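This report refers to the structure that appears directly beneath it.
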Amino acid sequence: MTDCYCGSGKRYIDCCQPVHQQHQQAETAEQLMRARYSAYCIANDAFIISTHKADKVPTREELQTIFDNTHWLGLTIYQANSIDANHAQVEFCAWFKDKPSNKLDGLRERSDFVRHEGLWYYTSGQQRTPQPPGRNDSCVCNSGKKFKKCCGR
C-alpha cells in the first residue's frame, strides 16, 4: 500500500484519495490543503481547479507545466488556524526538486481558505521564504533519514 503523499502517515486510499474522488469532503482547511498537495503530486488538475475559489484559477496548461517540471518531495504543515466557521489559514511548505536543474526548493505559503455551501476552497496565499533544512535535520521527503544522506545530496 502506498503512503499518502501529504505525509499524514495514512495510506493514500484512506487519506486523500477519497477526497480526490469526491467520496468524502474535506472536513477542515488543513485536510483540503493536504489533498491539494497530493493532487499536485499525482497531476490531478481537475481537483486543483475545482477546489480553487479565486479571481485567477490556474489553467490546465499552467498546471501541466508545473507537473512536467516538478518532483514533489514532501509537505510540512507549520500551522492550521480557524479564523471562524467559514475561514481558515494553513501555513505550509511544499518541498520539491525542479526537474530541469535537479535543485531543491520549497514553496512556503500562508494560504487562505473559505467554506462555501459546506465545502472548503483555497482562495489565496502569502508567499514566504522557505528555510532549507540543516544537514542533520530530518529529510523533507519523510524518509526518516538525515537530509544530508537523502535529498540533500
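Taking my numbering, the leading residue of the sequence shown gets 95, the next gets one more, and so forth.
The C-beta atom is built at its ideal place from N, Cα and C for all residues, glycine as well.
All values reported here derive from a predicted model rather than from experimental measurement.
- Note on geometry: alpha-carbon atoms of G101 and A188 lie some 11 Å from one another.
- If you draw a 10 Å sphere on the C-beta of S205, you find 16 or more other C-beta atoms in it, and that means buried.
- In this structure, the alpha-carbon of C109 lies about 27 Å from that of K193.
- In the DSSP assignment, Y215 falls within the unbroken beta strand (DSSP E) covering 213 to 222.
- According to DSSP, residue pairing for T122 in a beta bridge does not occur.
- Per DSSP, T145 lies in no alpha helix (DSSP H) and is assigned neither H nor E.
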